[in-house]
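Keeping their order, the protein sequence lines are chains X and H. Every position in the first sequence, counted from 1, becomes a number in my numbering once 653 is added. Every position in the second sequence, counted from 1, becomes a number in my numbering once 28 is added. Beta carbons are placed, not taken as given, at the ideal position from N, Cα and C, and that holds for glycine. In this text the structure is predicted, and so the values were computed from the model without any measurement. One structure is given here, and the rest of the page talks about it.
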Amino acid sequence: MRVAIVATIVCFVSSLVLAGPDDDNLTINGELEMITETVAPTHLEGFDVIYSGWRFRTDETQSLQIDDFDNPAMIFVDKAIDLFNTVDGTEGKACVSCHEGPEQFVGLSASMPKVIDGKLTVMEDLINSHRAEVMGAEAWKWSGEDMQSMIALIGLQSRGMPVNVAIDGEAAPFWEQGKEMYYTRYGQLELSCANCHEQNYGNMIRADHLSQGHTNGFPTYRLKQAKLISRHNRFRGCIRDTRAETFAEGSDEFRALELYVASRSNGLSVETPAVRQ
Amino acid sequence: MAKGVKPRVKVPKSASAGEIITIKTLISHQMESGQRKDKEGNVIPRSIIHRFTCEFNGQSIIDIILAPAISTNPYFQFEAVVPETGEFKFTWYDDDGSVYEEIKSISVI
């Protein structure tokens, strides 16, 4: 009996030790050092330190992001380079007709979403509006392979730079809307984003190790879906899992939530394209 | 004809004689198994990479037969001993008859 009690205590203590992020450092291709842990932005009251989702993954998943050759998302980045140079639409133009190359977009993804002409704008909006207005091409599907590959290519240009989205000025009302959503309980299970990603990060939700839910690695290559996953796809999945009617990808609600969630990552390195479970 | 096929290989540029090096290879390929059906119920024809080989200065290092259950973008990582300066030649054989080749040289210092 006493042995059983001791064993129980040992199990309990070791499970406590397992909780939380690990202590690994992320250096990509042996040269690019990433910030996976930093002081939380001042607007964030929930915690003092923010951790990249990379720190919550298993060693095997982590290793896929350490070398670009092993990162399956890079196949999609390669495809996006081809798309960048491919003429599409009625105007006979490709991205490269106006933009010298993807390198031109250094830092862009780190500051998105942002308010442009009074409208909260995310990367998908920028790409589709350029396709429609400049190229005369059909809009890409929000979570489609072409769209997310292109966003990964553009995001890769900012890799290693700290996330730095503006939350004041014109962005303030959208940010407030997003914050309201983050702390609102949805669905039959009555769960808010904060219930898992703020109050219970580091704990297990069945077989999954809960992270703080940062978006600094999106679009991410998810092993279980074997493709790039958009931010809105992930939001939809989370809200669906609370057994709620979800918002649509590309809805104004998800744009606002995207801004708020991105602001929670301010200070972490952009990891796009990251690899997750 | 399989689309979007692109071989990728990672080999160190130099090594010391007799050193064991790690080689990583990846080819983007749909690897359609031939077991699936489209919306109309027609079988989608099989289209896979069925063989992969690696040679060093003409000597075979690895020769792999691939089967339909292997998932998209097959990745192989293996080790090789480098006795002298030379060339690694990688070859992938596609069901449609295409052959994709990649050559990487390595110098022994």
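Sorted by chain position, which residues of the same chain lie with C-beta nearer than 6 Å to E823 of chain X's C-beta, five sequence neighbours on each side aside?
-> V768
(Q) Let me check one thing: in DSSP terms, what residues is M857 of chain X bridge-paired to? (A) X:H862
- Classification of A660 of chain X by the beta-carbon crowding that lies within 10 angstroms, buried from 16 upward: At A660 of chain X, the pLDDT of 49 sits below 50, so the modelled position is not reliable; the number obtained from the coordinates is stated separately. Classification for A660 of chain X: exposed.
Requested in this report: Give the DSSP bridge partners of A105 of chain H, in chain order.
Outcome: The sequence given here has Gln at residue 105 of chain H, not Ala. According to DSSP, Q105 of chain H bridges with H:K52.
What residue range does the alpha helix (DSSP H) around E911 of chain X cover? D905 to R917
Worksheet item: Among X:E898, X:E843, X:A733 and X:L863, which residue has its Cα nearest to the Cα of Q852 of chain X?
Response: X:L863
Problem - Interface partners of K52 of chain H on chain X, CB under 9 Å - result: D720, F722 and D723
Looking only at C-alpha atoms, which of X:E906, X:F737 and X:L912 sits nearest to I807 of chain X? X:F737
Close beta carbons around D139 of chain H, own chain, < 6 Å, minus the five adjacent residues each side
Nothing can be reported for residue 139 of chain H, as the shown portion of chain H is limited to 29 through 137.
(message) Any C-beta of chain H within less than 9 Å: which residues of the stretch 720 to 750 of chain X qualify?
(response) D720, F722, D723, P725, M727, I728, D731, K732 and D735
Practice problem: For the beta strand (DSSP E) containing Q757 of chain X, list its first residue and its last residue. | Solution: Note, Q757 of chain X: premise wrong, no beta strand (DSSP E); not H, not E.
For this session: Could you tell me if L679 of chain X is buried or exposed, where buried requires 16 or more neighbouring beta carbons within 10 angstroms of its beta carbon?
Result: buried
Does chain X have any CB closer than 7 Å to the CB of K41 of chain H?
no
#### Entry: Spatial neighbours of E107 of chain H in its chain, beta-carbon cut-off 8 Å, leaving aside the 5 residues before and after
I48, I49, T50 and I51
Q. From which residue to which residue does the beta strand (DSSP E) around H867 of chain X run?
A. Run containing H867 of chain X: none; DSSP gives neither H nor E here.
- Any C-beta of chain H sitting closer than 7 Å to the C-beta of A660 of chain X? For A660 of chain X, the predicted model reports a pLDDT of 49, less than 50, meaning its position is unreliable; a value from the coordinates is still stated below. Taking Cβ atoms only, chain H never reaches closer than 7 Å to A660 of chain X, which makes this a no.
Discussion item. For S133 of chain H, report the span of its beta strand (DSSP E) as first-last.
Written reply: V127 to V136
Evaluate contact between the stretch 786 to 801 of chain X and the stretch 904 to 921 of chain X, counting only Cβ atoms and requiring at least three cross-stretch pairs below 8 Å. no
Quick check on F900 of chain X - is its C-beta less than 7 Å from some C-beta in chain H?
no
Margin query: Less than 7 Å between CB atoms is the rule here; does K132 of chain H satisfy it with respect to chain X?
Written below: no
Practice prompt. List the DSSP bridge partners of C82 of chain H.
Written response: H:I90 and H:F118
Taking 7 Å as the threshold (beta carbon to beta carbon), is C664 of chain X in contact with chain H? Low local confidence applies: a pLDDT of 45 at C664 of chain X is under 50, so the model's placement there is unreliable, with the coordinate-based value given in what follows. No, because no Cβ of chain H sits closer than 7 Å to the Cβ of C664 of chain X.
Is the number of C-beta pairs between the stretch 707 to 726 of chain X and the stretch 679 to 691 of chain X that are closer than 8 Å three or more? yes
Less than 7 Å between CB atoms is the rule here; does K31 of chain H satisfy it with respect to chain X? no
- Which residues in the same chain have their Cβ closer than 6 Å to the Cβ of A763 of chain X, if we skip the five residues on either side of it in sequence? S811, M814, V816, N817 and V923
Would the beta-carbon of D721 of chain X be found less than 6 Å away from any heavy atom of the ligand COA? The model depicted lacks the ligand COA and carries no ligand whatsoever.
Coil, strand or helix - S75 of chain H by DSSP
strand
query: Given R929 of chain X, which residues of its chain have a CB within under 6 Å of its CB, disregarding the five upstream and five downstream residues?
result: T873 and R875
Query - Residues near I820 of chain X by beta carbon distance below 6 Å, same chain, minus five either side - result: W828 and S916
Buried or exposed: V730 of chain X, going by 16 or more other Cβ atoms within 10 Å of its Cβ? buried
request  = Run the CB neighbour count on G86 of chain H, radius 10 Å, all protein chains shown included, and call it buried at 16 or more, exposed below.
outcome  = exposed
Next on the checklist: Rounded to whole angstroms, what is the Cα-Cα separation between M842 of chain X and F900 of chain X?
Outcome noted: One point to set straight first is that residue 842 of chain X is Leu, not Met, in the sequence displayed. Their backbone Cα atoms lie some 17 Å apart in a straight line.
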